[in-house]
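So the structure is just underneath, and the comments pick up after that.
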Amino acid sequence: MKALSIIFNEQENFDDSCLEIFTFIKSLDKKNIEITNLSFGGDKKYISKLPVNKNFYVELSEDNTNQIDILKTIENFLDDNIYDFIIFQKDDFSNYIAPIISYKKNYAYIPDVKQTYSNSLENIKFIRPVHGESAEGIYSVKKNNPIILKIRKNSFEKEFLIPIEKDITELLLDIDKNKSFTIIETFKTKPEGLQLDEAEIVVSGGRGIGGKEGFENIKNLAALLNAAVGASRAAVEAEWIEPGNLVGLTGKWISPNLYLTFGISGASQHLAGCSNSKNIVSINTDPDASIFKYSKFGIVEDCNKFIIDLIEEIKKTS
Ligand SMILES: Cc1cc2nc3c(=O)[nH]c(=O)nc-3n(C[C@H](O)[C@H](O)[C@H](O)COP(=O)(O)OP(=O)(O)OC[C@H]3O[C@@H](n4cnc5c(N)ncnc54)[C@H](O)[C@@H]3O)c2cc1C
0 MKALSIIFNE QENFDDSCLE IFTFIKSLDK KNIEITNLSF GGDKKYISKL PVNKNFYVEL
60 SEDNTNQIDI LKTIENFLDD NIYDFIIFQK DDFSNYIAPI ISYKKNYAYI PDVKQTYSNS
120 LENIKFIRPV HGESAEGIYS VKKNNPIILK IRKNSFEKEF LIPIEKDITE LLLDIDKNKS
180 FTIIETFKTK PEGLQLDEAE IVVSGGRGIG GKEGFENIKN LAALLNAAVG ASRAAVEAEW
240 IEPGNLVGLT GKWISPNLYL TFGISGASQH LAGCSNSKNI VSINTDPDAS IFKYSKFGIV
300 EDCNKFIIDL IEEIKKTS
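So, in structure tokens, the structure goes:
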């Protein structure tokens, strides 16, 4: 079996969440497996220690990081190489690139895979959430064509890096000369403080917190707990908080140990981004709010009052 992992890394630091891909690949076939990796950007020292048989690397810089050229490079790479499985991890680049490759190459595509089981390589089943997390779909695909899979972060254990640095083959980014646009400048927005996908604890606010000032308490609590700040779309659309803090279908997909929600109803689009959290604790005045169905603990209370009491209690203990 031949598998290709495709990893994007815009930061200089090595994001070790990509190591989940290799645990996933090994779960497909433990014995007879050849893994090739194609990395875009990231720290070469770490990439050279990935547990793979062949390792390709494309340098990314501030000037050349655009999805069209990355797409072109992957397309050209796949023209010369055939794999049984092509595996991406869910991130902004993959969300854009994986479905286009699937369409152009006519390969099957299963996004958001969070579990897999098989009794043979011919009979692998992939599980992904559907209908905004309200159900699970089980997929099997005829294995006469490559399959593109996009796996969810924090769904698999991380494989270990190998102890030595192995050779990497460097490739150049294929510049698509027929691009119908030119990128003049890129501005990246990044929420203040701990990032949503790095945090063990996330504190989120929704429409129920009632206004921009409510987020001051959310931020204070997050600072006390060393947590990231999240928000529902209602709060983002009301401009109480930056879009970079959005959790959900159109925002960040998170899986912290603890997810605290204040005044969030639990719409399916919000749950799509947070239902992988290990523990959800919610504060809402409506005892029938659907977020309570997914919460380990639910508190029926005015969230603005509760958060002040909670902050006071935490301050007493610290
Ligand atoms: C295509 C599409 C994509 C979407 N993507 C996202 C997404 O990525 N993320 C997302 O969040 N949403 C998304 N939405 C919007 C989503 O459907 C909901 O509208 C949104 O999540 C609601 O946000 P909310 O829970 O803050 O507000 P509401 O649904 O209005 O809920 C507010 C809650 O606060 C409670 N409340 C009120 N006052 C208090 C109080 N004083 N104390 C405690 N509780 C109180 C209420 O009982 C209620 O349950 C998307 C929608 C669409 C159509």
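Quick note on numbering: the sequence shown equals residues 0 to 317 in numbering that gives the first Met the number 0. Glycine included, each C-beta is placed from N, C-alpha and C at the ideal position. All figures in this text were calculated on a predicted structure; none of them were measured in a lab.
Going down the chain, each residue whose beta-carbon is closer than 5 Å to a heavy atom of ligand 1 shows up: Gly-205, Arg-206, Gly-207, Ser-231, Arg-232, Ala-233, Gly-247, Leu-248, Thr-249, Gly-250, Gly-262, Ile-263, Ser-264, Ala-266, Gln-268, His-269, Asn-283, Thr-284, Asp-285, Ala-288, Asp-301, Cys-302. Within the DSSP secondary-structure output, Asn-36 pairs in a beta bridge with Ser-4, Asn-54. The beta carbons of Asn-225 and Asn-256 sit about 12 Å from each other, so the pair does not count as a contact at 8 Å. Judged by DSSP secondary structure, Ala-271 falls within the alpha helix (DSSP H) whose first and last residues are 267–273. Under a 10 Å Cβ-count criterion, Lys-149 is classified as buried, with 16 or more other Cβ atoms of the shown protein chains found around its own Cβ.
C-alpha of Gly-40 to C-alpha of Cys-17: approximately 13 Å in a straight line.
Cβ-Cβ distances below 6 Å link Lys-53 to Thr-35 in the same chain, with the five nearest sequence neighbours on each side left out; the list follows chain order.
For Glu-135, same chain residues with a beta-carbon under 8 Å away, outside a window of 5 residues either side, are Ile-126, Arg-127, Pro-128, Val-129 in chain order. In the DSSP assignment, Phe-87 forms a beta bridge with Ile-5, Lys-149. Straight-line spacing of the CA atoms in Asp-28 and Lys-141 works out to 16 Å. Distances from the CA of Lys-292 to each of Glu-300, Asn-303, Val-280 were compared; the closest alpha carbon is that of Val-280. Around the C-beta of Thr-115, 16 or more other C-beta atoms lie within 10 Å, and the residue is accordingly described as buried. Secondary structure at Gly-297: strand, using DSSP grouped into helix, strand and coil. Collapsing the DSSP output to three states places Pro-190 in coil. Closest option to Leu-270, judged by alpha-carbon separation, among Val-246, Phe-155, Asn-144: Val-246.
Burial state of Ile-313 is exposed, judged by a 10 Å Cβ sphere holding fewer than 16 other Cβ atoms. Beta-bridge annotation (DSSP): Tyr-138 is paired with Phe-125. Per DSSP, the continuous alpha helix (DSSP H) segment holding Val-235 begins and ends at 232–236.
With fewer than 16 other CB atoms across the displayed protein chains lying within 10 angstroms of its CB, Tyr-102 is exposed. Secondary structure within the stretch 197–253: the alpha helix (DSSP H) runs of 4 or more consecutive residues, fully enclosed, are 213–224, 232–236 (chain order). Take Glu-132, set aside five residues on each side of it, and the residues of its chain with a beta-carbon closer than 8 Å to its own are Ser-267, Leu-270, Ala-271, Ser-274, in chain order. Between Ser-38 and Ile-81, the C-beta spacing is not below 9 Å.
Rounded to whole angstroms, the gap between the alpha carbons of Ala-198 and Asp-91 is 18 Å. In the same chain as Leu-223, and ignoring 5 residues on each side of it, the C-beta atoms closer than 8 Å to its own belong to Ile-310, Ile-313, Lys-314, Ser-317, in chain order.
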